[in-house]
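Trainee: The structure that follows is given in the form of structure tokens.
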């Protein structure tokens, strides 16, 4: 049995305006697993991801890599859990791509050679090595998304959590992303409305709605369950509808 | 969207462009200090400073019209403020008006001061434009960092450079959305819509700042930003700096 890398018990979180975003979430994630988190808008998916590296700290029990989140363990946990945000402009805040991808490794205290190697390796992984010295604001949205993933890969995390990774991507870049996610062997959590992407990349799926886990199971079973999905604002992916497409024209 | 007006000509391959940004920054500061401490009536010195700037522009291969256009924005601003100087200085009167309640008088000393300030402003701004336009903004920030400028100032400049275009894009998108729904209506309504847009932009910028901060924390931010040092001082850099200092000192000695 693989090692349990995330252990969450009865996690509750309310935003300062009083809105309850998570209401008693229980979740275990194992090393090497790719978990999809689905749910309608405002279900609490992003909030849950922000608990994985201690950005938000709700009530309940959260243990990452066997460590409780405290001031002493925070830097280890943040080095091990890489968050890729939905909006790449929030992730890329340095003047050049190199500085952005090197930001994490520098904070981890790596030496010069290790930083340079990590940056080049991470950019190569997402096929963006040729933009290494370009300013981030000169990149297209697809390029920004890929560089945003590289900013996390350069830290060599054990777990990456991606929030809506395919949002705003054109079909080719979306396909490249799916290819990358299938190829990457590290543990992944993908929160998305793109159920086709979830179907192709995740072995297990969690359905979250109104801050509660509604269902947790194998992707193929969960995404075929039409009544379950539709009752929570989702729909069965077209590729699972037995070729039953309805064309508008 | 591609925005390049900050770094428009920083990609040219010229001697000045290849210089270490630290050397460019130090040369600029030295130049500004020399100009600042030149006596108002040392016109020969100003002429020679001008000649030095022409040489720098030639070496940088920057388009002259571009340099003049950039410089003119600030020079006009200085001229607007300096135009009141001839009226405030006391001394031998060269022109006076007895009409109206103000009865303005202009002295020779005032004129000299006005021209000296204008000349200094022109020289300083031109030199700044040459050095800054031949350096990418990210290299300029790196130079500031290596020269131990306050990190908070560098961080503010860095975020400004990174996000000014993002915010500008947002404003443009909001403006387009407004325009596409603007069918007639009083001018007052349009002004009110613009004011609302600016308000929304402030709120969005604030929220964006929070998200960026979260993203920084996720990657181990602990209060300070460090970057890798790629800058390497070459012999040509040191040589250039020494020549600049020698030329400026020469001009100062010559006019004395």
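Chains as they are written, first to last, in this note's numbering: chain A, 1 to 249; chain B, 250 to 505.
Virtual Cβ for every residue (Gly too), placed ideally from N, Cα, C.
Taking only three categories from DSSP, how would you classify residue 224 of chain A?
Mentor: coil
Trainee: Determine, for residue 386 of chain B, whether the minimum Cβ-Cβ distance to residues of chain A falls below 8 Å.
Mentor: Yes, residue 386 of chain B counts as interfacial toward chain A.
Trainee: Closest by CA to residue 182 of chain A, which one among A:36, A:21, A:143?
Mentor: A:36
Trainee: Please go through the region 74 to 144 of chain A and give each complete beta strand (DSSP E) segment of 3 or more residues, from N-terminal end onward.
Mentor: 81 to 84
Trainee: Please decide whether residue 457 of chain B counts as near chain A, where near means a Cβ-Cβ distance under 8 Å.
Mentor: Chain A contact via Cβ: present.
Trainee: Going by CA-CA distance only, name the one from A:192, A:17, A:27 that's closest to residue 217 of chain A.
Mentor: A:27
Trainee: At the 8 Å Cβ level, is residue 390 of chain B part of the contact set with chain A, yes or no?
Mentor: Chain A contact via Cβ: present.
Trainee: So who's on the other strand from residue 30 of chain A, going by DSSP bridges?
Mentor: A:4
Trainee: Does residue 421 of chain B pass the burial test, meaning 16 or more other C-beta atoms within 10 Å, or should it be called exposed?
Mentor: exposed
Trainee: If residue 373 of chain B and residue 94 of chain A are in contact, beta carbons under 8 Å, what's the gap, nearest whole angstrom?
Mentor: No, residue 373 of chain B and residue 94 of chain A are not in contact; Cβ-Cβ is about 30 Å, not under 8 Å.
Trainee: Using a Cβ-Cβ distance under 8 Å, would residue 238 of chain A count as near chain B?
Mentor: For residue 238 of chain A, the answer is no, since every Cβ of chain B falls outside 8 Å of its Cβ.
Trainee: Using a Cβ cut-off of 7 Å, pull out every chain A residue sitting near residue 475 of chain B, in sequence order please.
Mentor: Per Cβ cutoff of 7 Å: 106.
Trainee: Answer yes or no: does any C-beta atom of chain B fall closer than 8 Å to that of residue 165 of chain A?
Mentor: no
Trainee: Using a cut-off of 7 Å between C-beta atoms, extract the partners of residue 469 of chain B located in chain A.
Mentor: 75, 78, 79, 104, 107, 108
Trainee: Could you please give the first and the last residue of the uninterrupted beta strand (DSSP E) stretch that includes residue 476 of chain B?
Mentor: Neither: residue 476 of chain B is in no beta strand (DSSP E) and is coded neither H nor E.
Trainee: List in chain order: all unbroken alpha helix (DSSP H) runs of 4+ residues lying wholly within the region 435 to 489 of chain B.
Mentor: Runs of alpha helix (DSSP H) with 4 or more residues, each lying fully within the region 435 to 489 of chain B, are found at 436 to 467, listed in chain order.
Trainee: Can you tell me the Cα-Cα spacing of residue 409 of chain B and residue 44 of chain A, whole angstroms?
Mentor: 32 Å
Trainee: Can you tell me the Cα-Cα spacing of residue 52 of chain A and residue 155 of chain A, whole angstroms?
Mentor: 16 Å
Trainee: Step through the CB atoms of chain B and report whether any lies within less than 8 Å of the CB of residue 136 of chain A.
Mentor: Taking a beta-carbon distance threshold of 8 Å, residue 136 of chain A counts as an interface residue toward chain B.
Trainee: On the DSSP bridge list, what partners appear for residue 9 of chain A?
Mentor: A:61
Trainee: Which residue marks the beginning of the beta strand (DSSP E) containing residue 355 of chain B, and which one marks its end?
Mentor: 354 to 356
Trainee: Under 8 Å, Cβ to Cβ, is there at least one residue of chain A near residue 408 of chain B?
Mentor: yes
Trainee: Could you tell me which of B:317, B:315, B:356, B:316 sits nearest to residue 335 of chain B, measuring between CA atoms?
Mentor: B:356
Trainee: With distances taken Cα to Cα, identify the nearest neighbour of residue 90 of chain A among A:145, A:3, A:16.
Mentor: Of A:145, A:3, A:16, the residue nearest in Cα terms is A:145.
Trainee: Got a sec, what are the start and stop residues for the beta strand (DSSP E) residue 205 of chain A sits in?
Mentor: Counting along the chain, residue 205 of chain A sits inside the beta strand (DSSP E) bounded by residues 204 to 209.
Trainee: Which residues, in order along the region 127 to 161 of chain A, keep a beta-carbon less than 8 Å from a beta-carbon of chain B?
Mentor: 135, 136, 137, 138, 151, 152, 155
Trainee: Would residue 203 of chain A and residue 33 of chain A be called neighbours here (beta carbons separated by less than 8 Å)?
Mentor: yes
Trainee: Pick out whichever of A:123, A:159, A:124, A:169 has its Cα sitting closest to the Cα of residue 141 of chain A.
Mentor: A:169
Trainee: Beta carbon of residue 468 of chain B, beta carbon of residue 180 of chain A: below 8 Å?
Mentor: no
Trainee: Assuming the contact rule is C-beta atoms closer than 8 Å, residue 223 of chain A and residue 199 of chain A should be a hit. Round their C-beta distance to whole Å, please.
Mentor: Contact between residue 223 of chain A and residue 199 of chain A holds: their C-beta atoms lie close to 6 Å from each other, under 8 Å.
Trainee: Against residue 55 of chain A, what residues of chain B qualify as contacts under a CB-to-CB distance less than 7 Å, listed in chain order?
Mentor: Those within 7 Å of residue 55 of chain A in chain B are 463, 466, 467.
Trainee: Taking Cβ positions only, does residue 91 of chain A come closer than 8 Å to chain B?
Mentor: Using beta-carbon distances, residue 91 of chain A counts as an interface residue toward chain B, with a partner under 8 Å.
Trainee: Say whether the region 268 to 286 of chain B touches the region 386 to 402 of chain B, bearing in mind that this needs 3 or more beta-carbon pairs closer than 8 Å, one atom from each stretch.
Mentor: These segments touch.
Trainee: Helix, strand or coil for residue 498 of chain B, going by three-state DSSP, please let me know.
Mentor: helix
Trainee: Between the C-alpha atoms of residue 231 of chain A and residue 48 of chain A, what's the straight-line distance to the nearest angstrom?
Mentor: When rounded, the distance between both Cα atoms is 21 Å.
Trainee: If we define contact as Cβ-Cβ less than 8 Å, is residue 259 of chain B a contact residue for chain A?
Mentor: no
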